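Undergrad: This is the structure I want to talk about, given as structure tokens.
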Amino acid sequence: MQIFVACQGRHLVEFAQDATVENVKQFVAATEGVSPADMFVMCKGHVMECGLLSANGVSELSVVEVGVRVLGGKVHGSLARAGKVKGQTPKVAPQEKKKKKTGRCKRRIQYTKRFVNVVLGPGGKRRGPNSNADKVGI
37 MQIFVACQGR HLVEFAQDAT VENVKQFVAA TEGVSPADMF VMCKGHVMEC
87 GLLSANGVSE LSVVEVGVRV LGGKVHGSLA RAGKVKGQTP KVAPQEKKKK
137 KTGRCKRRIQ YTKRFVNVVL GPGGKRRGPN SNADKVGI
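For the sequence shown, my numbering assigns the number 174 to the last residue and increments by one with no breaks.
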């Protein structure tokens, strides 16, 4: 049975009908120089752990992909540099702020803004605080 083995390069390889996944791993180890323990073999998107190739759905002229496992679980970058930006930003003293008005005084100012000093737009419509009507020329 001929199958395409895709690893670092593509190879058309002749295997016996009773070939196993281990045979493919041994072939790739011999040609590419990678340890069989570090490899995984896939066909049609499914990882083949062991067994016959034909039992895993490999047929004549199928493409079998061989990949190399990579080490995982590492954090990108060093944890020693965590919080670097916050640590090197200079501390700025908070500025004095005016005390906010509360209660009756706040409501009085709100009433004056909304109803007494009303700016009417074209057609008698009240303009909102973010209106650009005077800039656009509507």
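Glycine is no exception: its CB is placed at the ideal position from the N, C-alpha and C atoms. Given the structure is predicted, the values throughout are model-derived calculations rather than measurements.
By a C-beta neighbour count over all protein chains shown, 10 Å radius and 16 as the cutoff for buried, is Cys43 buried or exposed?
TA: Per the 10 Å Cβ criterion, buried.
Undergrad: Looking only at DSSP bridge pairs, what is Val100 linked to?
TA: Per DSSP, Val41.
Undergrad: Just curious, the alpha helix (DSSP H) that Cys141 is in, first and last residue?
TA: That run of the alpha helix (DSSP H) goes 140-147.
Undergrad: What first and last residue would you give for the beta strand (DSSP E) that runs through Glu50?
TA: It spans 46-50 - the beta strand (DSSP E) in which Glu50 sits, taken as one unbroken run.
Undergrad: Taking only the alpha-carbon atoms, compute the straight-line gap between Val57 and Gly69 and give it to the nearest angstrom.
TA: Answer to the nearest angstrom: the Cα atoms are 17 angstroms apart.
Undergrad: Helix, strand or coil for Thr125? Go by DSSP, reduced to three states.
TA: Coil.
Undergrad: Give me the Cα-Cα distance between Leu107 and Lys134, rounded to the nearest whole angstrom.
TA: About 57 angstroms.
Undergrad: According to the Cβ coordinates, are Phe40 and Val94 closer than 8 angstroms?
TA: No. Outside cutoff.
Undergrad: Using DSSP bridges, identify the partner residues of Leu88.
TA: DSSP lists Thr56 as partners of Leu88.
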